[in-house]
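Since the structure comes first, as structure tokens, the remarks are kept for the end.
Number of protein chains: 2
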Amino acid sequence: MAGRTTTGRPGRLPDADRGAREQAILDAALAELVDRGPTKLSMLGVAKRAGASKETLYSWFGDRDGLLTALIERNAEQTVSRVRAALDSPDDERSVLEAFATGLLRLLVGPSSVALNRAAMTSPDLAALVLRSGRHRVGPLVESYLASLDDDGHLTVPDPASAFELLYGLVIRDTQIRVLLGEPAPTAKAITRRAEEAVDQFLRLLTR
Amino acid sequence: MAGRTTTGRPGRLPDADRGAREQAILDAALAELVDRGPTKLSMLGVAKRAGASKETLYSWFGDRDGLLTALIERNAEQTVSRVRAALDSPDDERSVLEAFATGLLRLLVGPSSVALNRAAMTSPDLAALVLRSGRHRVGPLVESYLASLDDDGHLTVPDPASAFELLYGLVIRDTQIRVLLGEPAPTAKAITRRAEEAVDQFLRLLTR
DNA sequence: ACGTATCCGTACCGAATCGTACGGTTGCTA
DNA sequence: TAGCAACCGTACGATTCGGTACGGATACGT
């Protein structure tokens, strides 16, 4: 019943598949978190869904917190690389900012981010990790991009950190907290609309 | 050891004090929630802190969810009345908006609101309640105020709902989520500064 | 003054879950 | 081919907590 994929396990993992299997377990944990919520997430549930044993979970991730930690760090890694990609585009600032804004909003209201943020709220340690690995790594990236816009003379950005917060507020508004509290996420169309409007307002506030 | 306040209880509650005692229990529950977090909140802990018995908690509030429900509803009631008060001022729109913004930000980063929002994230039911009793009651109040500004010709407010979201974003930015994730709340001075700046930007975006 | 309803404190039960242990099976390795 | 190490599945102990029950004490109504 618990779906083995292809090969007849067990036996030692070929060292190459070990990484893939870890990812599969994290996928299962994330799915479990999305489906059942942070309080009803159990190690047994994750093991069952992953077709793994509890012993393997504990052996690979230490404990429940270790599993969630790995999950958060993986998510943060994806986030940072996506942001970096959006910001590295050679397009004009409006396009870059819109791409960034769209990506950020879509990410923050996506089921993974929502589930992980909810889970983080239940533990100061996990919450701190989300902050460290997410917000505190994305912030500087965007801020340095915004500062570069100031250098180019396109915009006047006296305080990049504050400018980032402003952009964030214009894009996210109360959407994230509402989705965290259970409202359906906005549609893709609504997201791009919001991003365009937000960037427009951002540029209007910063040019003069 | 569990501190009785003044009168030697028990015995039937004089019907007048019953309400006060309920409030005291809710206070204890809130304090417990703030101190220990949503997952470590236990009925026994609340009872001990309130100097009450578990049986009374269950008799008065039904179950754990009922207690949290009462807590959320009480908080929402306070919030709504504060917002109403801020909006009923006869001052000019900038002052009113700044007062509202300051109050909103201070509230949302306050320990009670933070603890309740964290708790709500652990249960879809509680989350929905927070949304219903909080955001969905405050929204219309502010929106109707903003619409009245449009009527007066001070501002151009094509969509009050969208305007409220904009104001919210300008005021709150990423502050609430960061505090929810464990960052220290901004100081009072920082809050009023932010409110002033936000209202300034809000008015700039809406007049023309 | 007496009875009764209310409330405190604690004991109790059952369910869930964390983390560990152990037997059984499989594939790699010498 | 034989041994070993990794992994699955499950069982197990311990803990915690939600919810209920019960004895004891007290203030109010009659």
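Protein chains in written order, with the working numbering: chain P, -18 to 189; chain L, -18 to 189.
For each residue, glycine too, the CB sits at the ideal point set by N, CA and C.
Item to check | Beta carbon proximity, Ala(-17) (chain L) to chain P, threshold 8 Å | outcome: Taking the second sequence and counting its residues from 1, one reaches residue -17 (chain L) at position 2. Residue confidence for Ala(-17) (chain L) is low, a pLDDT of 30 falling below 50, so the modelled location carries little weight; the figure read from the coordinates is stated next. Chain P contact via Cβ: absent.
Next on the checklist: Applying the 10 Å Cβ sphere with the 16-neighbour rule, what's the burial state of Pro105 (chain L)?
Outcome noted: Within the second sequence, numbered from 1, the residue matching residue 105 (chain L) stands at position 124. That one is exposed.
Item to check | Cβ neighbour criterion (16 or more within 10 Å) applied to Asp46 (chain P) | outcome: In the first sequence, the residue the question calls residue 46 (chain P) occupies position 65. It is exposed - the Cβ of Asp46 (chain P) has fewer than 16 other Cβ atoms within 10 Å.
Item to check | Contact belief for Leu107 (chain L) with Leu49 (chain L) at Cβ below 8 Å, rounded distance in angstroms | outcome: On the second sequence, residue 107 (chain L) is found 126 positions in, with the first residue counted as 1. On the second sequence, residue 49 (chain L) is found 68 positions in, with the first residue counted as 1. For Leu107 (chain L) against Leu49 (chain L), the beta-carbon gap comes to about 6 Å, under 8 Å, which counts as contact.
Next on the checklist: Give me, in chain order, the residues of the same chain whose beta-carbon lies closer than 7 Å to that of Ala176 (chain P); leave out the 5 immediate sequence neighbours on both sides.
Outcome noted: Along the first sequence, one-based indexing puts residue 176 (chain P) at 195. Contacts found: Glu79, Ala82, Thr83, Leu86, Val152.
Item to check | Local Cβ density within 10 Å of Glu146 (chain P), reported as buried at 16 or more and exposed below that | outcome: In the first sequence, residue 146 (chain P) corresponds to position 165, counting from 1. Under this definition Glu146 (chain P) is a buried residue.
Next on the checklist: Rounded to whole angstroms, what is the Cα-Cα separation between Ser114 (chain P) and Leu7 (chain L)?
Outcome noted: If you number the first sequence from 1, residue 114 (chain P) lands on position 133. If you number the second sequence from 1, residue 7 (chain L) lands on position 26. Rounded to the nearest angstrom, the gap between the Cα atoms of Ser114 (chain P) and Leu7 (chain L) is 36 Å.
Checklist entry - Can you tell me where the alpha helix (DSSP H) with His135 (chain L) in it begins and where it stops? => result Against the second sequence, residue 135 (chain L) aligns to sequence position 154. Boundaries cannot be given for His135 (chain L), as no alpha helix (DSSP H) includes it and DSSP labels it neither H nor E.
Checklist entry - Taking the alpha carbon of Glu13 (chain L) as the point to measure from, which residue in L:Ser93, L:Ala1, L:Thr156, L:Ser62 has its own alpha carbon closest? => result The count along the second sequence starts at 1 and reaches residue 13 (chain L) at position 32. Taking each of L:Ser93, L:Ala1, L:Thr156, L:Ser62 in turn and checking the Cα distance to Glu13 (chain L), the smallest one comes out for L:Ser93.
Next on the checklist: Taking CB distances under 8 Å as the criterion, tell me whether Arg154 (chain L) reaches chain P.
Outcome noted: Taking the first residue of the second sequence as position 1, residue 154 (chain L) is located at position 173. It does; some Cβ of chain P falls within 8 Å.
Checklist entry - Under 7 Å Cβ-Cβ, which residues of chain P neighbour Leu78 (chain L)? => result Stepping through the second sequence from its first residue, residue 78 (chain L) is reached at position 97. Result: empty, since nearest Cβ-Cβ is about 15 Å, beyond 7 Å.
Item to check | Interface residues of chain P facing Ala101 (chain L) [CB-CB closer than 7 Å] | outcome: Counted from its first residue, the second sequence places residue 101 (chain L) at position 120. The answer, in chain order, is Leu162.
Item to check | Proximal residues of chain P, C-beta to C-beta of Val47 (chain L) below 7 Å | outcome: Taking the first residue of the second sequence as position 1, residue 47 (chain L) is located at position 66. Checking the sequence shown, residue 47 (chain L) turns out to be Gly, not Val. By Cβ distance, chain P contributes nothing, its closest Cβ being about 17 Å from Gly47 (chain L), past 7 Å.
Checklist entry - Comparing the C-beta of Val111 (chain L) with each C-beta of chain P, is any distance below 8 Å? => result For the purposes of this step, residue 111 (chain L) is taken as residue 130 along the second sequence, with counting starting at 1. Closer than 8 Å: yes.
Checklist entry - Does DSSP put Val123 (chain L) in a helix, a strand or coil? => result Start at 1 with the first residue of the second sequence, and residue 123 (chain L) comes out as number 142. Of the three classes helix, strand and coil, the one that applies to Val123 (chain L) here is helix, per DSSP.
Checklist entry - Going along the segment 26 to 43 of chain L in order, which residues come within less than 8 Å of chain P, judged by CB to CB distance? => result When C-beta distances to chain P are compared with 8 Å, every residue of the segment 26 to 43 of chain L stays at or above that value.
Checklist entry - So, does the CB of Gly201 (chain P) fall closer than 8 Å to a CB anywhere in chain L? => result Because chain P spans -18 through 189 in this model, residue 201 (chain P) falls outside it and cannot be assessed.
Checklist entry - If you drop the 5 nearest sequence neighbours on each side, which residues of the same chain put their C-beta closer than 6 Å to that of Val77 (chain L)? => result For the purposes of this step, residue 77 (chain L) is taken as residue 96 along the second sequence, with counting starting at 1. Only Ser70 meet the Cβ criterion.
Next on the checklist: Could you compute how far the alpha carbon of Val95 (chain L) sits from the alpha carbon of Asp(-2) (chain P)?
Outcome noted: Residue 95 (chain L) sits at position 114 when you count from the first residue of the second sequence. Residue -2 (chain P) sits at position 17 when you count from the first residue of the first sequence. If I take the Cα positions, the gap works out to 42 Å.
Checklist entry - What is the DSSP secondary structure of Leu22 (chain L), reduced to helix, strand or coil? => result Counting from one through the second sequence, the residue named residue 22 (chain L) turns up at place 41. When DSSP states are grouped into helix, strand and coil, Leu22 (chain L) belongs to the coil group.
Next on the checklist: Determine, for Tyr149 (chain L), whether the minimum Cβ-Cβ distance to residues of chain P falls below 8 Å.
Outcome noted: For the purposes of this step, residue 149 (chain L) is taken as the residue at position 168 of the second sequence. Nearest CB-CB separation between Tyr149 (chain L) and chain P: below the 8 Å threshold.
Next on the checklist: Cβ closer than 9 Å: which chain P residues qualify as neighbours of Thr20 (chain L)?
Outcome noted: As a position in the second sequence, residue 20 (chain L) is number 39, starting the count at 1. Within chain P, the residues near Thr20 (chain L) are Pro19, Thr20, Thr103, Ser104.
Item to check | Cα-Cα separation between Ala9 (chain P) and Arg30 (chain P), rounded to whole angstroms | outcome: Looking up residue 9 (chain P) in the first sequence gives position 28. Looking up residue 30 (chain P) in the first sequence gives position 49. Distance between the alpha carbons of Ala9 (chain P) and Arg30 (chain P): 6 Å.
Checklist entry - Looking at C-alpha atoms only, which residue of L:Asp181, L:Leu38, L:Gly163 is the closest neighbour of Gly5 (chain L)? => result Taking the first residue of the second sequence as position 1, residue 5 (chain L) is located at position 24. It should be pointed out that residue 5 (chain L) corresponds to Ala in this sequence rather than to Gly. Closest option to Ala5 (chain L), Cα to Cα, is L:Leu38.
Checklist entry - Is the shortest distance between the beta-carbon of Arg185 (chain L) and the beta-carbons of chain P less than 8 Å? => result The residue given as residue 185 (chain L) occupies position 204 in the second sequence. For Arg185 (chain L), the answer is yes, since a Cβ of chain P falls inside 8 Å of its Cβ.
Checklist entry - Does the distance from the CB of Met24 (chain L) to the CB of Arg99 (chain P) come in under 8 Å? => result On the second sequence, residue 24 (chain L) is found 43 positions in, with the first residue counted as 1. On the first sequence, residue 99 (chain P) is found 118 positions in, with the first residue counted as 1. Contact flag unset, no.
Item to check | Min CB distance Arg159 (chain P) to chain L below 8 Å | outcome: In the first sequence, residue 159 (chain P) corresponds to position 178, counting from 1. Chain L, which has a Cβ nearer than 8 Å to the Cβ of Arg159 (chain P), makes this yes.
Item to check | Proximal residues of chain L, C-beta to C-beta of Glu124 (chain P) below 9 Å | outcome: Numbered from its first residue, the first sequence carries residue 124 (chain P) at position 143. Within chain L, no residue has its CB atom less than 9 Å from the CB of Glu124 (chain P), the nearest being about 13 Å off.
Checklist entry - Just to confirm, are Phe42 (chain L) and Ala33 (chain L) a CB contact at a threshold of 8 Å? => result One-based indexing of the second sequence puts residue 42 (chain L) at position 61. One-based indexing of the second sequence puts residue 33 (chain L) at position 52. For the 8 Å CB-CB criterion, Phe42 (chain L) and Ala33 (chain L) do not form a contact.
Item to check | Below-8 Å beta-carbon distance, Leu86 (chain P) vs any chain L residue | outcome: For the purposes of this step, residue 86 (chain P) is taken as the residue at position 105 of the first sequence. Leu86 (chain P) is outside the set of residues whose beta carbon lies under 8 Å from a beta carbon in chain L.
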